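Undergrad: Take this structure, written in structure tokens, and hold onto it; I'll ask about it next.
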Ligand code: COA
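Structure (structure tokens):
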């Protein structure tokens with residue numbers, strides 16, 4: 087079988103966050119509910135000068151060389167925060183990054199599952215076209231609304247992944263189990279920018295889908311929990327992944343090991359919040375970057391979940407050596423360390439401004455944003471993007 091996997095991956099989020107102590111104080115909640123009960127420490131706040139296109143462009147720009155761009159013949163943009171009801175975000179991205187035009191470029195939506203659909207499509211595509219490369223994006227802005235139960239689980243950012251037959255981070259094994267059903271646990275009606283969610287129900291469905299797909303996987307491939315060194319979960323809030331992990335610990339002969347790998351995998355999500363479709367892949371980056379014990383050749387289980395609902399459990403083998411892991415760690419640690427913290431009123435203003443950022447003709451000049459790619463506003467219903475502060479004509 088052709089070896090297919092992730093050759094490079096990068097993460098990008100905005101330069102702003104709100105700490106959960108600050109948010110809890112403003113919402114008259116015990117900070118431990120947010121930090122221990124939900125498992126979040128900080129939450130990225132995405133200003134009006136960033137959207138999923140610029141988040142994805144800023145992430146991808148960190149990893150793609152001219153040689154990579156020549157080889158990319160498929161761009162799959164996973165998002166549930168699309169910037170147009172018709173046009174795919176991948177078209178804007180293709181132009182911002184200077185990707186070749188002889189490519190398939192499109193958007194995939196199934197709540198937080200979109201990027202996994204892209205990854206699985208890329209595996210099939212690369213098996214048939216081993217000399218090419220595929221860019222898969224998971225980019226979203228998770229909005230539940232101010233002073234809602236889901237507010238503590240907001241966040242945003244993009245993970246960009248270059249898949250090829252020359253993997254350097256993980257190699258997929260071509261083993262996978264999936265389950266889908268029409269369920270109303272979380273959705274976003276066409277007129278809304280904020281999610282409608284039945285949070286406790288969604289937690290139960292998530293765990294149920296994890297059990298179904300992991301059970302099926304074990305039967306199909308004659309494996310048990312003990313064939314896995316670590317698990318990476320979709321993490322809308324980090325306690326959710328822990329709840330799923332705990333359902334399989336009774337069968338494990340390495341409970342402490344799995345719990346400590348989980349700690350490594352949740353570190354970045356706890357500081358960024360929900361990324362929706364990029365979340366599983368930030369968890370994978372966090373595991374690769376922060377695990378003290380993961381070795382080349384170890385098997386990881388990945389659980390992807392998109393409300394509505396689609397679940398998929400699949401496996402990969404670690405390829406990243408210490409050097410590759412340090413590159414990922416330095417990249418994400420530096421990005422997160424550079425962010426500015428916001429007070430609750432500052433966060434609320436930024437949140438409210440970003441809700442209406444693309445509704446009328448305007449220029450986004452209110453905030454200094456030092457990212458290479460920014461969203462410049464709207465003119466004649468057309469989106470404007472900036473590179474180093476200059477509108478791209
Ligand atoms: N110290 C420590 N833990 C505390 C605490 C305290 N002072 N106060 C409460 N907790 C714990 C609770 O025991 C609970 O733990 P448990 O889940 O292990 O039972 C947890 O904190 C959350 O408390 P709860 O009362 O259930 O919170 P909530 O009703 O405000 O809702 C969510 C929490 C997660 C359901 C809500 O934030 C939400 O809906 N988020 C969106 C979820 C989502 O995105 N789903 C779809 C994507 S898959």
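Residue numbers (our numbering): 87 to 479. Don't be surprised by glycine CBs; every beta carbon is placed ideally from N, CA and C. None of the values given here were measured: they were computed from a predicted structure.
DSSP puts residue 125 in a beta bridge; with which residues?
TA: Position 39 of the chain shown, counted from the first residue, corresponds to residue 125. Beta-bridge pairing links residue 125 to no other residue.
Undergrad: Suppose you measure from the CA of residue 269 to the CA of residue 474; what does that come to, to the nearest Å?
TA: For the purposes of this step, residue 269 is identified with residue 183 of the chain shown, where counting begins at 1. For the purposes of this step, residue 474 is identified with residue 388 of the chain shown, where counting begins at 1. Residue 269 and residue 474: Cα-Cα distance of roughly 43 Å.
Undergrad: Tell me where the alpha helix (DSSP H) around residue 303 begins and ends.
TA: Working through the chain shown from its first residue, we reach residue 303 at position 217. Its alpha helix (DSSP H) spans residues 285-307.
Undergrad: Are the beta-carbon atoms belonging to residue 201 and residue 291 less than 8 Å from one another?
TA: By 1-based counting over the chain shown, the position of residue 201 is 115. By 1-based counting over the chain shown, the position of residue 291 is 205. Their beta carbons are not under 8 Å apart, which means residue 201 does not touch residue 291 by this criterion.
Undergrad: So within the segment 307-355, which uninterrupted alpha helix (DSSP H) runs reach at least 4 residues, ignoring any that extend past its ends?
TA: As far as the segment 307-355 is concerned, its whole alpha helix (DSSP H) runs of at least 4 residues are 324-332.
Undergrad: Any heavy atom of the ligand COA closer than 7 Å to the Cβ of residue 272?
TA: Reading the chain shown from its first residue, position 186 is the one you call residue 272. Yes, the Cβ of residue 272 comes within 7 Å of a heavy atom of the ligand COA.
Undergrad: With H, G and I counted as helix, E and B as strand and the rest as coil, what does DSSP make of residue 396?
TA: Position 310 of the chain shown, counted from the first residue, corresponds to residue 396. Residue state, collapsed to three classes: strand.
Undergrad: Confirm the yes/no value for this check: CB of residue 119, any heavy atom of the ligand COA, distance under 7 Å.
TA: In the chain shown, the residue the question calls residue 119 occupies position 33. Checking the Cβ of residue 119 against the ligand COA gives yes.
Undergrad: For the beta strand (DSSP E) containing residue 506, name the first residue and the last one.
TA: Residue numbering for the chain in the displayed model covers 87 to 479; residue 506 lies beyond these limits and cannot be assessed.
Undergrad: Report yes or no: do the segment 217-225 and the segment 155-165 share at least 3 C-beta pairs separated by less than 8 Å?
TA: The segment 217-225, when compared against the segment 155-165, does touch it at the 8 Å Cβ threshold.
Undergrad: Going by DSSP in three states, residue 158 sits in which element: helix, strand or coil?
TA: Residue mapping note: residue 158 aligns to position 72 of the chain shown, counting from 1. Note: residue 158 maps to strand in three-state DSSP.
Undergrad: Give the single residue among 448, 143 and 168 whose Cα lies nearest to the Cα of residue 180.
TA: In the chain shown, the residue the question calls residue 180 occupies position 94. Measuring from the Cα of residue 180, the nearest candidate turns out to be 143.
Undergrad: Just how far apart, CA to CA, sit residue 237 and residue 436?
TA: As a first step, residue 237 is located in the chain shown; it is residue number 151 there, counting from the start. As a first step, residue 436 is located in the chain shown; it is residue number 350 there, counting from the start. Near 14 Å, if we compare the C-alpha coordinates of residue 436 and residue 237.
Undergrad: Check whether the Cβ atoms of residue 313 and residue 385 sit closer than 8 Å, and answer yes or no.
TA: Residue 313 sits at position 227 when you count from the first residue of the chain shown. Residue 385 sits at position 299 when you count from the first residue of the chain shown. Their beta carbons are under 8 Å apart, which means residue 313 touches residue 385 by this criterion.
Undergrad: Taking the alpha-carbon of residue 261 as reference, which of 421, 427 and 309 has the nearest alpha-carbon?
TA: Numbered from 1 along the chain shown, position 175 holds the residue referred to as residue 261. Nearest option by C-alpha distance: 309.
Undergrad: How would you label residue 278, buried or exposed, when you count the other beta carbons within 10 angstroms and need 16 or more for buried?
TA: Stepping through the chain shown from its first residue, residue 278 is reached at position 192. With fewer than 16 Cβ atoms within 10 Å of its Cβ, residue 278 is classed as exposed.
Undergrad: Flag this pair as yes or no: are the beta carbons of residue 211 and residue 247 separated by less than 8 Å?
TA: Here residue 211 refers to the residue found at position 125 when the chain shown is read from its first residue. Here residue 247 refers to the residue found at position 161 when the chain shown is read from its first residue. No, the Cβ-Cβ distance between residue 211 and residue 247 is not below 8 Å.
Undergrad: Answer yes or no: the CB of residue 235 versus the heavy atoms of the ligand COA, is any distance below 7 Å?
TA: To locate residue 235, count along the chain shown from 1; it is residue 149. Residue 235 Cβ: within cutoff of the ligand COA.
Undergrad: Inspect the CB distances between the segment 457-468 and the segment 133-140 and report whether three or more fall short of 8 Å.
TA: Touching, per the Cβ criterion.
Undergrad: Please look up how many angstroms separate the CB atoms of residue 265 and residue 397, rounded, as I've assumed it's under 8 Å.
TA: Stepping through the chain shown from its first residue, residue 265 is reached at position 179. Stepping through the chain shown from its first residue, residue 397 is reached at position 311. Correct: roughly 5 Å between the Cβ atoms.
Undergrad: Buried or exposed: residue 276, going by 16 or more other Cβ atoms within 10 Å of its Cβ?
TA: Taking the first residue of the chain shown as position 1, residue 276 is located at position 190. Residue 276 is exposed by the Cβ-count criterion.
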